[in-house]
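Counting from 1, position 324 in the sequence shown corresponds to residue 324 in UniProt numbering; the numbering is continuous, with no gaps. Even for Gly, the Cβ is constructed at its ideal location relative to N, Cα and C. Following: one structure in structure tokens, then a few remarks.
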Amino acid sequence: MPVIDLFSDATSFPDLGCDICIVGSGPAGATLAAELSGSTARVIVLESGGPERRNDCDDLDAIESVGRARAEQWSVRNRIVGGSSHTWGGRCAPFDEIDFEARPWVPASGWPFPAEELTPFLDRSAAHLGLSPGSGFSDEGFWQMAGRRPGADPDPARLRSFFWQHSRDPQESYPYEYMRFGRGIGARMGQNTALVSGATVLKIRTTESGTAVTGVDFAGPDGTVRTLTASMVVLCAGGIENARMLLVSDGAGPGGLGNRHDLVGRYLMDHLRGPLGAFDPDGTIALQKRFGRYNVNGRFFRAGFRLAPQVQRDEGLLNCAAWLGEILSADDPWDQMRGLLRGRLRGLDARQLMANAGLFAGSARDYFLEGNGIRRRLSGLDLLGMVEQRPDPDSRVTLSDRRDRFGMPVARIDWRSNPDESRTMCRMAQLVAAELPRMGFAAPALVEWVRDGALMPDSFVDVAHPTGTTRMSDSPSTGVVDPTGMVHGIEGLYVSGSSTFPTAGHCNPTQMIVALAIRLADRLRMQQQRMVPASVSGPAMSGATAVPQDPTRTTVLVTGATGRIGRVLTADLLARGYRVRATTSRPLGVAGTVAGHGVEWRQFDFLKDEDFETLLAGCDAVLHLAAEIGDADRMARVNAEATDRLSRAAERLRAGGAGPRAFCYVSTVSVYGSGRRRVIAEEAPVLTVERDIPSEYWALRYVRTYGRTKLAGELAVRCNAALVPCIILRPAVVVDVDALIGIRKWHWTKRMLAAHRHAHHIFVHDVSDAIIWSMERMLSGGADAGQVETYNLSEDDFPEPTHADFMRKAYAASGDTRFRVVPMPWVGDWLHDFLRFRTLPLRNPLWRMRFPSDRLRAAGYRLQFGMAHAQARALENLRHERQRETGDTE
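Written out as structure tokens, the structure is:
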């Protein structure tokens, strides 16, 4: 991705236009740019700040506050590449279903679409925010993911458990670092995208009638004003600046853009937050463990409460959350430990560390055995609350008479609160104080204003979540942007971020911002692709409802068709009447003999060839098997980069009215690495894609790289999916009959050490059948356009799963002494790996893990053969082999 820094070279911006101009590089803008990378669109991101924080940039965030006091601007608003993710606290959560409803007791409430519409985009947001998973991690979903439930829940008719997940930057291993969207931004964007820092947008340009956007005017650090033409402009500058930019853009008429009904800047909401009560920190370990921090699959979660929907309806309350707020003691020993781990040994007090040995021991038990956060030494423990605000049209952003250094009006903020917010916070505190004793915990001492039912104090300020100033609605009379994010009546002008939220909910907005940005990126990509002539002609796009009634009229692309799975899959497709286009990097004369006649072979090298659209032209489905294992550079290029290009090409063709209607990607259970838990379902944590972390996978480096690059391929498929439904299969160890018999060729030490292992074998013909089932599921309308489903593919419930089980039967059938082995106890295998890898991870080796296919079975698939059938064929081959050798034909 080209990076143009106007701070270092004010003349470096070229005179060119773009298809899509993104204003701002925070969570919304950076996500949009990453999602649009590799598309047909030329994308330019304009960022007012630079790669480092600068006072002259921060000065442009100045406001004139005339309403309720707001937090100190400079600590929460950042003009820097990455935006306010530079200082955010990392908390992520989706809004509740009730937040999307039109609530009669909350004026102007209701979103123009239901909560479930965002679920696939919340799932996709996990890759951008370093989450695992992206949805379903609160309420009962959290306990299922954690694998335990430590104690009772609150009465669900009054309070619900709630969990916030903390973002994690995959680039940082220590300390635990939240996702900073500015760090490594170039690596997440493609060559069709450019980032320009030091570019402060002044006004948005439109046609003379004001009905379509034409570009933006922006100033460089030296004050030079330039014009960037664009057919689409997306404002991603935050809840205050998005409104201000619309208001100052008055070229098509007074009042600014999208402001025909005087709604731009109105309905400013934020979150009021502060203490509702206090606990005596002594004797609250159990309370902290139940309603504190959790470590699940390498991600931190914080537990708390939210108001039950029925209480909100019955009592006319807003949505609200509460949690424990730890006040760290000045002698908290973890501060010293943090300094030690960062290499700052000065001031280390060994005696103090020894005196806190009990705290460290308790922390280790809580963290490693119980999955909680570490224990801290506290001087206080508060009950904190955060409430949504009642939408109020008089709470607003307007323009001040003050000007910034570019001569533009600064934002004048009249932020207002409502008694409903205080009433809701008081009720939340009362319910928590009543529920905790019922659950066996001490109640907090409520603060005075809560006890008195008074208004919350002025010390309750915003938490830098400005929301609602360009609110979303079906009608221009009730909002600024439509449900897609486009400003009503102005073609090509979009707004992304919390300013579009009709209501603020009770939780932090960043994950919602990222999910909506992904949703918008899909729309922009489709719009842009419609402007590009399709490279392949075809019928109009019909989504996922077209059913292939005749397989002979369906062409299937099989990549990697000469591999173990590909050979079988190609033959099975032909047997079922499908037309097959098969790829191989080998000479066609060799490849043509693999699966017999009737295959259209294409020589295609995923390391070198790039004409993916020609490869895909005319194909109804893609079954992507091609993979590399061995060389790290080749694995990255084939497993990740080529998969990305292939899926993008499928999307481009589909947007043009032709192209595949199904995409199946065959991945591997290696993406899970060595799990902290033995049972690994599809939502379990996966490897870190960006770099090799040996402790995540107890395996040789090339095997870890294979898992990481296959996972990168998965992420590419998931991120690119917009029109083509996709199924990702994660098979266990795929074997054919020859591979089973080939165990006898193992070195004797491997046979002895590994005989005890759970083999994780799955028969290649079952894998082929599952792939075809997946394809037919998508072609017959079983998946929506752009839907991505992920399934484990294994037979871990096979009753005789170990290598030793098969070797005993094979020895009996063949008499081959190479199958006769006395297995060592598992500890010998474990010690052997310990000596090989010289590491002691607190994880399970692969042979201890299980990969259930429950989700695949729930979707309707059943194995057609099974390992019993595969082993029977192998044993029969061994008997025939023995008969040939002995001459015994009876």
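Query	Result
Let me make sure I understand the geometry here. Which of D805, P457, V671 has the alpha-carbon closest to that of F851?	V671
Does the beta-carbon of H803 have 16 or more other beta-carbons within 10 angstroms, so that it is buried, or is it exposed?	buried
When you compare only the Cα positions, how much space is there between L878 and T886?	12 Å
Going along the chain, which residues of its own chain have a beta-carbon closer than 6 Å to the beta-carbon of V733, five neighbours each way excluded?	H760, H761
Reducing DSSP to helix, strand and coil, say where T583 ends up.	strand
Roughly how many whole angstroms lie between the Cα atoms of T119 and S37?	23 Å
Using DSSP's beta-bridge definition, name the partner residues of K248.	In the sequence as presented, Lys is not what sits at residue 248; that position holds Val. DSSP, once it has assigned bridges, lists no residue as partnering V248.
According to the neighbour-count rule (16 or more other Cβ atoms, all chains shown, within 10 Å of its Cβ), is K608 buried or exposed?	exposed
Give me whichever residues DSSP pairs with M386 in a beta bridge.	R273, A321
Whose C-alpha, out of D169, I185, L623, G184, is nearest the C-alpha of Y178?	D169
Is E72 near R402, with beta carbons less than 9 Å apart?	no
Can you find at least 3 beta carbon pairs, one from the region 75 to 82 and one from the region 182 to 199, that sit closer than 8 Å?	yes
Would S109 pass as an interface residue toward chain B - the criterion being a Cβ-Cβ separation below 9 Å?	No chain B appears in this structure, which consists of one protein chain only.
Take the Cβ of Q389 as the centre, count every other Cβ of all protein chains shown within 10 Å, and call the residue buried at 16 or more, exposed below.	buried
Determine the contact status of L263 and V106, defining contact as a CB-CB distance below 9 Å.	no
Using the Cβ count rule (16 or more neighbours within 10 Å means buried), how would you classify I327?	exposed
Are M232 and G492 touching if we call contact CB-CB under 9 Å?	yes
Given the structure, does Y706 come close to the ligand COA, in the sense that its CB is under 8 Å from one of the ligand's heavy atoms?	With respect to small molecules bound, the structure shown includes none, and the ligand COA cannot be examined in it.
With the cut-off set at 9 Å, would you say H624 and T559 are in Cβ contact?	yes
For the alpha helix (DSSP H) that R733 lies in, which residues bound it at each end?	Inspection of the sequence shows that residue 733 is occupied by Val rather than by Arg. It is not in any alpha helix (DSSP H) - V733 instead sits in the beta strand (DSSP E) that spans 733 to 735.
Would you report the Cα separation of S422 and L307, rounded to the nearest angstrom?	14 Å
Going by beta-carbon coordinates alone, are V410 and A62 separated by less than 9 Å?	yes
My assumption, with CB atoms under 8 Å, is that V216 sits in contact with C21. Please give the rounded CB distance.	6 Å
Helix, strand or coil: which one does DSSP assign to L46?	strand
Can the beta-carbon of A108 be found less than 9 Å from the beta-carbon of P502?	yes
Residues in its own chain within less than 7 Å of R416 by CB, not counting five upstream and five downstream?	G67, R68, D392, D394, S395
Skipping 5 residues on each side, what residues in its chain have a beta carbon closer than 6 Å to that of V822?	none
Using DSSP with H/G/I as helix, E/B as strand and the rest coil, what is G440?	coil
Go through its chain and collect everything with a Cβ distance to G239's Cβ below 6 Å, but skip five positions before and after it.	P466, T467, T469, S498, S499
Residues bridged to E326 by DSSP?	L381
What is the DSSP secondary structure of D58, reduced to helix, strand or coil?	helix
Using the three-state DSSP reduction, which class does L195 fall into: helix, strand or coil?	strand
Spell out the partners DSSP gives R730 in its beta bridges.	N792
If we count the other Cβ atoms within 10 Å of its Cβ and call it buried at 16 or more, is N55 buried or exposed?	exposed
Can you give me the start and stop residues for the beta strand (DSSP E) that Q165 sits inside?	159 to 166
Shortest alpha-carbon distance to A102 belongs to which of F95, D96, G110?	G110
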